[in-house]
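To start, the structure itself, in structure tokens.
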Amino acid sequence: MVKVAVLGAAGGIGQPLSLLVKSNPLVTELALYDIVNTPGVAADLSHISTPAKVTGYKGDTELAAALAGADIVVIPAGVPRKPGMTRDDLFKINAGIVQTLANSAAKNCPKAFIAVISNPVNSTVPIVAEVFKKHGVFDPKRIFGVTTLDITRANTFVGQLGKGEIKDKSVTVIGGHSGVTIIPILSAEEIDALTHRIQYGGDEVVKAKDGAGSATLSMAYAGAQFVNALLDAVVLKKSGITQCTYVKSDVAAAEGVEYFSTVVELGPEGVAKIHPIPPLNEHEKKLYLAAIPELKANIEKGVAFVTSQS
Ligand code: NAD
Ligand code: LMR
-4 MVKVAVLGAA GGIGQPLSLL VKSNPLVTEL ALYDIVNTPG VAADLSHIST
46 PAKVTGYKGD TELAAALAGA DIVVIPAGVP RKPGMTRDDL FKINAGIVQT
96 LANSAAKNCP KAFIAVISNP VNSTVPIVAE VFKKHGVFDP KRIFGVTTLD
146 ITRANTFVGQ LGKGEIKDKS VTVIGGHSGV TIIPILSAEE IDALTHRIQY
196 GGDEVVKAKD GAGSATLSMA YAGAQFVNAL LDAVVLKKSG ITQCTYVKSD
246 VAAAEGVEYF STVVELGPEG VAKIHPIPPL NEHEKKLYLA AIPELKANIE
296 KGVAFVTSQS
């Protein structure tokens, strides 16, 4: 029996992501939570002929029931960017939303794997971790920031350069999930063409949507890839499942950075092995050093948001 809860399930990401999760036959229960519209989304998805039983939960009073006994909790709840905004500008609204959801998850499904999509990911992951610490249920192997869209984009853009099939690309992207904190590991000829595009791919979509939000469909695709990888590792106990994901990690401890994305091997208990930062060339070393101050500030901001409250 595998229960997946999607929090923010009626949103731009939430709906297509829930559709893709519903398509995975390993899922037996799909709980859709949002502050609006979940009854309709749940009724719609419930007619799809895959095993998952779909239930909608709407509003604060139904959050605990949505989370009770969940094995995986995916969180795309919160506001998206508009042109001219940074992801950090979303902190004011999304930090509180994520904290509330994490509080309930810590109470109702303390052993669940938590996949955080809500921005700013660099800060919202530490927020979830601090909330779990407050409840005495923190397990760093079970809390993930979903940075998969950066890899999806990198694979697409590298593929479009024309050497080999897009489907065979597997670019490593390390660091965090915002501008300079996104560090793609590219071949020499890809660096100039693609570094900036991968770091600022999110802005391309925000600009094109012209006030109507940020990436939703590509994020749903990427988010489902991450959830499916987790299901393969946790439920099917497949070995060798890896994802780049933003987790509590020692890889950048020398710089005083507590959370960092590198290749992570997933296993039945979540994080099985955190791969080190790969050898960096001179260009990548510069990107790494440029990422550190922003990443550190984002993490400190997330931690302080929770720890400063009594
Ligand atoms: P959206 O506005 O379309 O949907 C957000 C949903 O969250 C809405 O349905 C809203 O009702 C719901 N919501 C708001 N407050 C809530 C609460 N307290 N509890 C539960 N649900 C609540 O936005 P979107 O485009 O789906 O984006 C959602 C978030 O994902 C944004 O913060 C965005 O920046 C982020 N995002 C992250 C990545 C990534 O790579 N990690 C990619 C794209 C977007
Ligand atoms: C993305 O990378 O597309 C998301 O983080 C959304 C955004 O704000 O750019």
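Residues in the sequence shown are numbered from -4 upward in steps of one, following the working numbering. We put the CB at the ideal spot given by N, CA and C, even for glycine. Being a predicted model, the structure only gives us computed values, none of them experimental.
DSSP state of Gly197 mapped onto helix, strand, coil: helix
Ligand 1 heavy atom lying under 6 Å from the CB of Gly131: no
The region 205 to 218 / the region 124 to 132 touching (three or more Cβ pairs under 8 Å): no
Test item: CB-CB of Tyr254 and Val111 under 7 Å: no
Cβ-Cβ distance between Asn117 and Gly171 below 7 Å: yes
Selected residue, minimal CA-CA separation from Gln194, among Arg148, Ala217, Lys232 and Glu160: Arg148
Heavy atom of ligand 1 within 6 Å of Gly3 beta-carbon: yes
Ligand 1 heavy atom lying under 6 Å from the CB of Met(-4): no
Bounding residues of the alpha helix (DSSP H) (the contiguous stretch that carries Leu40): Thr33 to Ser41
Spatial distance of Gly9 from Val230 (CA atoms): 23 Å
Gln10 - containing alpha helix (DSSP H), residue span: Gly9 to Lys17
Pick from Ile169, Arg76 and Leu284 that is closest to Glu250, judged by C-alpha positions: Leu284
Nonlocal neighbours in the same chain, by C-beta distance under 8 Å from Lys53, ignoring five residues either side: Tyr28, Asp29, Ile30, Val31, Asn32, Thr33 and Pro34
8 Å contact criterion, which Ile43 and Lys77 should meet: CB distance rounded: 33 Å between Cβ atoms; not a contact.
Proximity test, Ser209 beta-carbon vs ligand 1 heavy atom, cut-off 6 Å: yes
Where the beta strand (DSSP E) through Asp245 begins and ends: Taken as a continuous stretch (DSSP letters only), Asp245 belongs to no beta strand (DSSP E), as it is neither H nor E.
Pro307 Cβ short of 6 Å to ligand 1 heavy atom set: The displayed coordinates of the chain run from -4 to 305. Any statement about residue 307 would go beyond what the structure contains.
Nearest to Leu21 (by Cα), restricted to the options Pro105, Glu57, Val222 and Phe152: Val222
Classification of Gln238 by the beta-carbon crowding that lies within 10 angstroms, buried from 16 upward: buried
Coarse secondary structure for Thr50, derived from DSSP in three states: strand
DSSP-derived helix/strand/coil call for Gln304: coil
Val258 (DSSP reduced to helix, strand or coil): strand
Opposing strand residues paired with Asp29 [DSSP bridges]: Lys53
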